[in-house]
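Start counting the sequence shown at 185; every next residue gets the next number (the numbering used here). The C-beta atom is built at its ideal place from N, Cα and C for all residues, glycine as well. For reference, the structure is listed below as structure tokens.
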Amino acid sequence: MDQVFEKLEKMRVPELDEVLGQPFKVLKDGFIRVVDYMGSDSSIVQAARVSYGAGTKKLREDEALLRYLLRHRHTSPFEMCEVKLHVRVPMDVWRQWIRHRTANVNEYSTRYSIAINSAESTNPEEWRTQSLTNRQGSGGSLDAEKGKILSEQEAEFHRMSRDLYDKRIEAGIAREQARKDLPLSTYTEAYWKIDLHNLLHFLELRMEINAQYEIREYANTIFNEVIKRWVPLTYQAFIDYMIESMTFSGLEIKVITEMIKGNKDKIKDLYSEFGWLKQDGAKNANSRELFEFEEKLTKL
């Protein structure tokens, strides 16, 4: 073989190495910590240049190329980076988390081990009411006085359920059966390994304002404590092209076009055509699409 290969060294990120293994607190008793990682911003650029050809480096600087890749959703180079996290999370939040089937997971097993003696609690002012516009989301906050009663009931329920579990274990009941009445607020732990492309997709969904508050707290911690240190160029590009950007449907563009023209009659016709108005001319409060469009207009 006459081809000469350069010696390769493992890419390290000093900023992430400094916090390797360090837990970042989330919620009352949860955390995330980096166990291991592979790659960096440079790994993304390196992979892209293999597919784009040797001349690419002369045309773009690393940051410009990386931003181009993310802007145009050229995702495969981002798969060259991976991170392994150790997380502690309430089981109800973990149910949402585990729906992202693009990671390698090994979870703490209460069939083999005693259940973690910790459950996520709710302060009186933290109880949220059901959203009137989003069936799976929260609305405003419950009155703190009413919340105090709920929090007291919650604390008593947690105490009773854990006491029942402990008594079953002491009686020799199998762990796999003793656990069945533990609340979803009970914490679990897992090792979660994922590539950067799929992690960014996870964050895009779970950092979104309509995501459940609790999982949003985990996503924000991963983004600001891990992604920012690990791949800072990707971090900034993600803010610019995902978090602080917005997209419009073909229907929405038609309405915006007429708004720019000042054609109010045409806008009303479009609202009726899209089902955004009722027969009496009032806005259709049940139209989720209209609600989301008006949210975008507010941001603009």
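Considering only C-alpha positions, which residue in the set the options is nearest to residue i?
i: Gly323; options: Ile216, Thr286, Ile393; result: Ile393
i: Tyr292; options: Trp278, Phe422, Lys332; result: Trp278
i: Val203; options: Ile444, Trp414, Ala362; result: Trp414
i: Gly321; options: Met443, Phe422, Ile437, Glu398; result: Glu398
i: Val410; options: Val219, Lys191, Met195, Gln187; result: Val219
i: His381; options: Leu389, Thr294, Phe262; result: Phe262
i: Gln160; options: Thr418, Asp464, Ala403; result: Lying outside 185 to 484, the shown extent of the chain, residue 160 is not represented and no answer is given.
i: Glu247; options: Val273, Thr418, Glu476; result: Thr418
i: Glu373; options: Phe189, Glu199, Lys212, Ile216; result: Ile216
i: Ala466; options: Arg196, Lys452, Tyr425; result: Lys452
i: Leu316; options: Glu401, Asn470, Trp460, Asp327; result: Asn470
i: Leu484; options: Lys364, Phe432, Leu461, Thr259; result: Phe432
i: Val267; options: Gln463, Gly434, Asp379; result: Asp379
i: Gly223; options: Met344, Gly434, Pro416; result: Pro416
i: His284; options: Glu199, Leu348, Leu383; result: Leu383
i: Arg359; options: Pro274, Ser456, Thr294; result: Thr294
What is the DSSP secondary structure of residue i, reduced to helix, strand or coil?
i: Lys467; result: strand
i: Leu249; result: helix
i: Gly239; result: In this predicted model, Gly239 has a pLDDT of only 48, less than 50, meaning its place in the structure is not dependable; the value taken from the coordinates is given anyway. Coil.
i: Tyr371; result: strand
i: Gln396; result: coil
i: His381; result: helix
i: Asn290; result: strand
i: Thr183; result: Outside the modelled stretch of the chain, which goes from 185 to 484, sits residue 183, for which no answer is possible.
i: Lys268; result: strand
i: Leu200; result: helix
i: Leu454; result: helix
i: Leu565; result: The requested residue 565 does not occur in the structure, where the chain is confined to residues 185 to 484.
i: Leu461; result: strand
What's the C-alpha gap between residue i and residue j?
i: Val271; j: Trp376; result: 7 Å
i: Lys209; j: Ala355; result: 35 Å
i: Gln396; j: Gly446; result: 38 Å
i: Asp449; j: Glu473; result: 20 Å
i: Lys412; j: Phe422; result: 10 Å
i: Thr240; j: Leu250; result: Low per-residue confidence applies at Thr240: pLDDT is 48, beneath 50, and the placement is therefore not dependable, though the value from the model is reported in the following sentence. Roughly 12 Å between the two C-alpha positions.
i: Lys242; j: Thr306; result: In this prediction, Lys242 has a pLDDT of 46, which is less than 50 and means its spatial position is unreliable; what the coordinates show is noted afterwards. Cα to Cα, the separation comes out at about 56 Å.
i: Ser429; j: Lys480; result: 10 Å
i: Glu221; j: Ala287; result: Inspection of the sequence shows that residue 221 is occupied by Tyr rather than by Glu. Going by the C-alpha atoms only, they are around 14 Å apart.
i: Phe458; j: Arg390; result: 29 Å
i: Arg233; j: Glu190; result: 16 Å
i: Ile353; j: Asn301; result: 13 Å
i: Arg255; j: His385; result: 14 Å
i: Glu304; j: Ser226; result: 39 Å
i: Phe299; j: Leu368; result: It is Ala, not Phe, that sits at residue 299 in the sequence shown. Cα to Cα, the separation comes out at about 12 Å.
i: Ala238; j: Tyr252; result: Note that Ala238 has pLDDT 48, beneath the 50 cutoff, so the model's placement of it is unreliable and the number below is only indicative. Rounded to the nearest angstrom, the two C-alpha atoms are 17 Å apart.
i: Asp365; j: Asp350; result: 11 Å
i: Leu192; j: Ser325; result: 55 Å
i: Val229; j: Ile444; result: 40 Å
i: Arg196; j: Ile282; result: 29 Å
i: Phe407; j: Tyr425; result: 15 Å
i: Tyr296; j: Gln361; result: 11 Å
i: Ile440; j: Glu476; result: 14 Å
i: Asn290; j: Asp327; result: 40 Å
i: Gly434; j: Thr259; result: 25 Å
i: Pro207; j: Gly214; result: 9 Å
How would you write the range of the beta strand (DSSP E) that residue i sits in, first residue to last?
i: Gly324; result: 322 to 325
i: Met222; result: 214 to 222
i: Lys209; result: 208 to 210
Could you check where the alpha helix (DSSP H) with residue i kicks off and where it finishes?
i: Val136; result: No answer is possible for residue 136: the residues shown for the chain start at 185 and end at 484.
i: Phe341; result: 328 to 354
i: Thr482; result: 472 to 483
i: Gln280; result: 275 to 281
i: Val439; result: 434 to 445
i: Ser305; result: It is not in any alpha helix (DSSP H) - Ser305 carries neither H nor E in the DSSP assignment.
Would the stretch 323 to 337 and the stretch 300 to 314 be scored as touching if the rule is three or more Cβ pairs under 8 Å? yes
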